[in-house]
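Here is the structure we will look at.
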Amino acid sequence: MGRKVLQTERVTKRFGGLTALNQVTMHVEEGEIVGLIGPNGAGKTTLFNTVAGAYYATDGKVFYDGEDITHMQPGRRCRMGIGRTFQITKPFGSLTVLENVAIGAMFGKNEKINSMSRALKEKSFVKAEEILEFMEMSHKKDAKAGTLNVPERKRLEICRALATDPKLLLLDEVVAGLNSSEVGGMVELIRRVNKRGVTVLMIEHVMKAVMQLANRIYVLNFGELLAEGTPEQVVSDPVVIEAYLGKIGQREAKRC
Amino acid sequence: MKILMKDILERRSRIAGISSLVFFLALLILPFLLTNAYYLHVLILCMIYACITSAWNMIAGYAGVFSFGFQALFGIGAYVSALLSMRLGISPWISMWAGAVAAMAIGAVVAIPSLKLKLLPYICIATMCMGEIIRLAVANFTTLTRGEMGLTNIPKLFADGNRTAYYYLAVAMFVLILAVVVKIVNSPMGMSMQAMKDSQEASESLGINISRTKIRIYMIGAFMAGLVGAFYAHYICILTPTSALGSSLMTSYVAMSLIGGIGTIVGPVLGSFVITIALEVLRALADYRMIFYALLIIVTIIFLRAGIWGSVKEIFISRAERFKNRSKEQG
Ligand SMILES: Nc1ncnc2c1ncn2[C@@H]1O[C@H](COP(=O)(O)OP(=O)(O)O)[C@@H](O)[C@H]1O
Ligand SMILES: [Mg+2]
Chain A
416 MGRKVLQTER VTKRFGGLTA LNQVTMHVEE GEIVGLIGPN GAGKTTLFNT
466 VAGAYYATDG KVFYDGEDIT HMQPGRRCRM GIGRTFQITK PFGSLTVLEN
516 VAIGAMFGKN EKINSMSRAL KEKSFVKAEE ILEFMEMSHK KDAKAGTLNV
566 PERKRLEICR ALATDPKLLL LDEVVAGLNS SEVGGMVELI RRVNKRGVTV
616 LMIEHVMKAV MQLANRIYVL NFGELLAEGT PEQVVSDPVV IEAYLGKIGQ
666 REAKRC
Chain B
3 MKILMKDILE RRSRIAGISS LVFFLALLIL PFLLTNAYYL HVLILCMIYA
53 CITSAWNMIA GYAGVFSFGF QALFGIGAYV SALLSMRLGI SPWISMWAGA
103 VAAMAIGAVV AIPSLKLKLL PYICIATMCM GEIIRLAVAN FTTLTRGEMG
153 LTNIPKLFAD GNRTAYYYLA VAMFVLILAV VVKIVNSPMG MSMQAMKDSQ
203 EASESLGINI SRTKIRIYMI GAFMAGLVGA FYAHYICILT PTSALGSSLM
253 TSYVAMSLIG GIGTIVGPVL GSFVITIALE VLRALADYRM IFYALLIIVT
303 IIFLRAGIWG SVKEIFISRA ERFKNRSKEQ G
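Here the protein sequences line up with chains A and B, keeping their order.
Numbering-wise, our numbering puts 563 at position 148 of the first sequence, and it's gapless, one number per residue.
Numbering-wise, our numbering puts 106 at position 104 of the second sequence, and it's gapless, one number per residue.
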């Protein structure tokens with residue numbers, strides 16, 4: 416069994432009266448690709464937010480590499496090695512694609528940087544070029560990020576997060592909304608990222624992608640963990656079929 | 003044909019370099035051409051506005067932190083330096099720096115609680131109130147500040163009030179402040195500011211400490227505002243809460259930034275010169291200043307969304323793009 420990169424312990428998140436997450440305990444091991452699925456509003460994105468620091472858990476604890484990060488600033492978590500993408504993409508619209516990625520390289524890695532350093536800036540742009548090359552986005556590098564279409568934006572989200580040299584990458588529905596030929600390309604990319612030594616936790620509705628990529632899957636429903644297991648176990652679990660997949664979804668998932 | 007685009011971009015930065023050099027050389031030569039001291043006075047006012055508007059624009063235009071109490075920092079610099087030199091007999095050359103440091107300190111006191119607020123309207127209201135509180139405090143602390151009667155006979159920086167000397171000092175201050183603004187905007191910190199403006203959440207997720215960045219940039223801007231305020235105090239030699247701390251100053255900074263082009267380096271400088279000179283030429287308008295600003299802002303927003311300089315830039319970029327596309331088709 417690998418080392419646990421991420422571990423949540425009975426994480427609860429309430430928004431006023433709404434319990435978006437209820438005592439969720441899960442973990443991700445080094446080198447894995449773990450899927451997180453569940454119906455809309457199940458709390459998947461909220462779980463990402465408590466892990467990445469955009470929200471703080473109301474209750475419970477989040478551990479990264481064995482360290483308690485429950486109340487840590489998001490920037491600090493990034494510098495420790497947690498990279499994330501946003502389901503609703505958040506590009507820096509007035510900056511170019513290259514600049515977007517370079518920012519990740521500038522600020523996302525080291526705790527102590529000299530924010531006036533020209534050398535840091537130049538180094539980050541070189542790194543950003545490499546990442547855009549790797550992610551097949553080089554042709555767009557001079558475009559303003561605000562002008563990108565949805566698939567390109569999703570790709571940019573991943574590029575930016577990768578520029579911070581994450582150990583753990585949280586992907587929030589990066590496949591959803593792509594057409595079927597693009598899905599194949601994205602699946603391949605995620606696999607390549609994982610091969611580079613990045614542990615991946617991915618939220619996804621497109622079962623085809625999750626089935627191909629994930630070593631394990633967690634199913635979330637109404638803020639609670641419903642099931643956990645290998646992709647095959649999960650898609651044949653009657654509880655999961657009832658709550659999420661449905662009969663047709665199950666057939667489709669099994670065909671993958 | 004790829005080289006062509008690079009050419010244009012390189013030429014663009016060279017053009018920028020050359021034209022700013024020409025501009026500053028012109029500023030240096032002007033006193034020899036303008037024999038009328040009044041013209042020098044107007045240019046000094048232009049530079050004072052250009053300095054403080056550039057500082058405000060660095061914070062609002064680049065980092066997206068809209069502080070609406072910035073005039074108070076100018077006023078604090080002015081009052082602290084004036085009072086230190088008047089009451090304690092400190093040389094104005096030294097008290098000016100004390101004024102700048104005081105503005106920076108007050109800036110930090112304002113910034114630390116209010117910049118923790120993430121939503122723009124809260125930041126606007128918090129900073130606006132702080133500005134008014136400071137004005138009221140100065141207006142009512144009459145034993146020290148003489149209130150609305152104002153401070154008069156503030157020591158001069160040059161014994162005979164030599165206007166040419168003041169002019170060159172203003173040029174030096176202007177060049178220094180602009181150089182620092184350019185340096186910051188082009189640094190990694192400048193990039194983090196622009197990122198923050200577009201999305202605070204995404205910036206944080208990429209490792210940027212947004213509240214630290216905001217506080218830092220606010221304190222740097224406050225220092226600049228304080229320094230300019232102190233210069234103003236020892237140049238004009240009269241201070242009242244309305245003239246040095248009034249909220250109409252704030253309106254000027256906003257109007258100048260918007261009309262010149264907010265979020266650009268040249269825009270606020272251009273806006274400051276254009277508006278200051280226009281108001282001097284149309285002296286009759288002085289009483290209707292606010293109406294003049296309002297009309298100008300409305301016209302700019304309708305016809306020149308990005309301000310004068312922003313629009314010039316957009317035209318240039320779209321032409322370069324078209325050029326690039328055409329050269330792509332050909333080769
Ligand atoms: N900032 C917020 N404030 C209030 N409610 C929220 C907030 N974020 C999410 N929620 C609620 O939490 C629940 C889970 O949302 P989310 O995590 O986005 O679901 P999923 O990503 O699984 O579709 C939803 O009911 C949503 O409305
Ligand atoms: Mg979601």
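Heads up, the beta-carbon is just placed ideally off N, CA and C, and yes, glycines get one too.
Boundaries of the alpha helix (DSSP H) in which residue i is found, first to last residue
| i | result |
| --- | --- |
| Y64(B) | Where Y64(B) is concerned, there is no enclosing alpha helix (DSSP H), given that its DSSP letter is neither H nor E. |
| N464(A) | 459–467 |
| M268(B) | It should be noted that the sequence gives Val, not Met, for residue 268(B). 268–283 is the span of the alpha helix (DSSP H), which, as asked, contains V268(B). |
| A534(A) | 533–549 |
| R568(A) | 565–578 |
| S207(B) | 202–207 |
| H236(B) | 212–238 |
| S189(B) | Careful: S189(B) lies outside any alpha helix (DSSP H) and carries neither H nor E. |
Chain B contact residues for residue i, given Cβ-Cβ distances below 8 Å
| i | result |
| --- | --- |
| L433(A) | Chain B residues near L433(A): none, gap ~20 Å exceeds 8 Å. |
| A469(A) | E203, E206, S207 |
| T579(A) | L208, G209 |
| F501(A) | E203, A204, S207 |
Short Cβ contact (8 Å threshold) for residue i with residue j
| i | j | result |
| --- | --- | --- |
| L32(B) | L45(B) | yes |
| F176(B) | A52(B) | yes |
| E206(B) | P506(A) | no |
| V67(B) | I125(B) | yes |
| L585(A) | F463(A) | yes |
| A104(B) | I78(B) | yes |
| I2(B) | I261(B) | One cannot answer for residue 2(B) here, as it falls past the ends of chain B, which runs 3 to 333. |
| L436(A) | I618(A) | no |
| G228(B) | M106(B) | yes |
| S250(B) | M292(B) | yes |
| K582(A) | T614(A) | yes |
| S189(B) | I518(A) | no |
| Y295(B) | S69(B) | no |
C-beta neighbour in chain A for residue i, strict 8 Å
| i | result |
| --- | --- |
| I197(B) | Ile is not the amino acid found at residue 197(B); the sequence shown has Ala there. Answer yes: the Cβ-Cβ gap between A197(B) and chain A drops below 8 Å somewhere. |
| M3(B) | Low confidence applies to M3(B): its pLDDT is 45, below 50, so where it sits in the model is not reliable, and the reading given next is rough at best. With 8 Å as the cut-off, M3(B) does not count as an interface residue toward chain A. |
| G333(B) | Low confidence applies to G333(B): its pLDDT is 46, below 50, so where it sits in the model is not reliable, and the reading given next is rough at best. G333(B) does not count as touching chain A. |
| I317(B) | no |
| D200(B) | yes |
CB contact check: residue i to chain B, cutoff 8 Å
| i | result |
| --- | --- |
| I605(A) | no |
| L600(A) | The question names Leu, yet the displayed sequence has Gly at residue 600(A). For G600(A), the answer is no, since every Cβ of chain B falls outside 8 Å of its Cβ. |
| S509(A) | yes |
| C574(A) | no |
| K505(A) | yes |
| R568(A) | no |
| R611(A) | no |
| L535(A) | yes |
| E548(A) | no |
| E514(A) | yes |
Boundaries (first-last residue) of the beta strand (DSSP E) holding residue i
| i | result |
| --- | --- |
| T511(A) | From DSSP, T511(A) is part of no beta strand (DSSP E); its letter is neither H nor E. |
| H43(B) | Here H43(B) belongs to no beta strand (DSSP E); instead the alpha helix (DSSP H) covers 39–59. |
| L451(A) | 448–452 |
| Q395(A) | Since the first residue shown for chain A is 416 and the last is 671, residue 395(A) is missing from the structure and cannot be characterised. |
| V420(A) | 419–430 |
| R499(A) | 497–499 |
| M617(A) | 614–618 |
| K476(A) | 474–479 |
| V634(A) | 631–636 |
| E643(A) | 639–644 |
| L586(A) | 583–587 |
Contact set between residue i and chain A, taken where Cβ atoms lie within less than 8 Å
| i | result |
| --- | --- |
| S194(B) | I518, M521, F522, S530 |
Chain A contact residues for residue i, given Cβ-Cβ distances below 7 Å
| i | result |
| --- | --- |
| M191(B) | S530, M531 |
Beta-carbon neighbours of residue i, restricted to chain B and to distances below 7 Å
| i | result |
| --- | --- |
| R494(A) | G209 |
| E544(A) | Residues of chain B passing the Cβ test: none, with the nearest at roughly 15 Å. |
Where residue i meets chain B, residues with beta-carbon distance less than 9 Å
| i | result |
| --- | --- |
| E588(A) | Simply none; closest approach about 16 Å. |
| E667(A) | Here the premise fails: no neighbours, minimum Cβ distance about 33 Å. |
Report task. Taking only beta carbons into account, state which residues of the segment 474–489 of chain A come closer than 9 Å to chain C, listed in chain order. Result -> Protein chains in the displayed structure are A and B, and chain C is not among them.
Report task. With ligand 1 as the reference, list in chain order each residue whose Cβ lies under 5 Å from any of its heavy atoms. Result -> F430(A), A435(A), N455(A), G456(A), A457(A), G458(A), K459(A), T460(A), T461(A)
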